[in-house]
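Numbering (our numbering), first residue to last: 896 to 1138.
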């Protein structure tokens, strides 16, 4: 059997806890200010990717691959001969596809394989801190590839060599914008802004910008490439306490 003093202490603790819980239930919610912050920057690219395709077709896989290898080797050599600093070239994809005969309408027999098509996609990575020179070098790479036997230009994109740094900077700008908005609202309401309670950020949008259509480039080698600015945006949601 528990001592009387211990029973009394347990009873008091139970009453105190119950009273505290009831008091907390009746406490008003904390006063807060909820704001959204946004930021945007336009920065010139310092990196470009230019991809071209080499397509060959022959009766056998070996012949189609051999022809493709010959042209691809010539294209890569032509690109490297430009001596663009820090340029690298790599193969994106290498596909072998069967070519089927054209059948007359109503034919029920399976189509016959008449040959094979090989498609090799080669990409050049071109870094340069000067956006104008970067665009010029992209044009030089495409011209060299097309003149050496590339069938078409697949894609031209611009980017940043260190996008993470820009993502962090634009996110910080958005947070500062949110705090400035919260301070302005607090001042207008005649209250004092308290500490930050919650903060969340939407994914930073980092676009890759293409500036020339592949059809235009393939039809008219020498089309100028324009390296316009890249747009980075960030949005944050913040909740501040009111003191």
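Yeah, the Cβ is synthetic: ideal placement off N, Cα and C, and Gly gets one too.
Roughly how many angstroms separate the alpha carbons of residue 940 and residue 923, rounded to a whole number? 52 Å
What beta strand (DSSP E) runs, 3 residues minimum, are completely inside the region 1009-1094? 1047-1054
Residue 1126 by DSSP, collapsed to three states: which one? strand
Going by Cα to Cα distance, which pick from 976, 1075, 1044 is closest to residue 1088? Residue nearest to residue 1088 within the set 976, 1075, 1044 is 1075 (criterion: CA-CA distance).
Anticipated Cβ contact below 8 Å, residue 1012 with residue 950, distance rounded: 7 Å
Just the C-alpha distance for residue 1079 and residue 948, rounded to the nearest angstrom, thanks. 56 Å
Contact set for residue 1069: own chain, Cβ-Cβ below 8 Å, skip 5 residues either direction: 932, 933, 934, 1096, 1129, 1130, 1131
Quick one: grab the DSSP three-state call for residue 960. helix
From the DSSP output, which residues share a beta bridge with residue 1002? Answer is none; residue 1002 lacks a bridge partner.
Under 8 Å Cβ to Cβ from residue 1077, same chain only, skipping five residues before and after it: list those, please. 928, 930, 1088, 1133, 1135
Check whether residue 1035 and residue 1125 have beta carbons under 8 Å apart: For residue 1035 and residue 1125, no; Cβs fall outside 8 Å.
Is the beta carbon of residue 1120 closer than 8 Å to that of residue 1081? Remark: C-beta atoms of residue 1081 and residue 1120 do not approach each other more closely than 8 Å.
The beta strand (DSSP E) spanning residue 985 covers which residue range? 983-995
Coarse secondary structure for residue 949, derived from DSSP in three states: Correct three-state label for residue 949: strand.
Output needed for residue 1053: all residues of its chain with C-beta closer than 6 Å, excluding positions within five of it in sequence on either side, in chain order. 940, 943, 1104, 1122
Does the beta-carbon distance from residue 979 to residue 1021 come in below 8 Å? yes
Of the choices 1061, 989, 1037, whose alpha-carbon is the least far from that of residue 975? Among 1061, 989, 1037, the Cα nearest to that of residue 975 belongs to 1037.
By alpha-carbon positions, which one of 953, 1094, 964, 926 ends up nearest to residue 1141? Residue 1141 is absent from the structure shown; the chain starts at 896 and stops at 1138.
Taking residue 937 as part of the beta strand (DSSP E), name the residues at either end of that continuous run. 927-938
Reduced DSSP secondary structure (H/G/I, E/B, other) of residue 1133: strand
Within its chain, find whatever has a CB closer than 6 Å to the CB of residue 1114; leave out the 5 residues flanking it on each side and keep chain order. Caution applies to residue 1114, whose pLDDT of 49 falls short of 50 and renders its modelled position unreliable; the value that the coordinates give is listed next. Here the set comprises nothing.
Compare the Cα-Cα distances from residue 1099 to each of 1084, 1091, 1059 and report the closest residue. 1059
The region 1018-1032 / the region 980-989 touching (three or more Cβ pairs under 8 Å): Segments in contact, yes.
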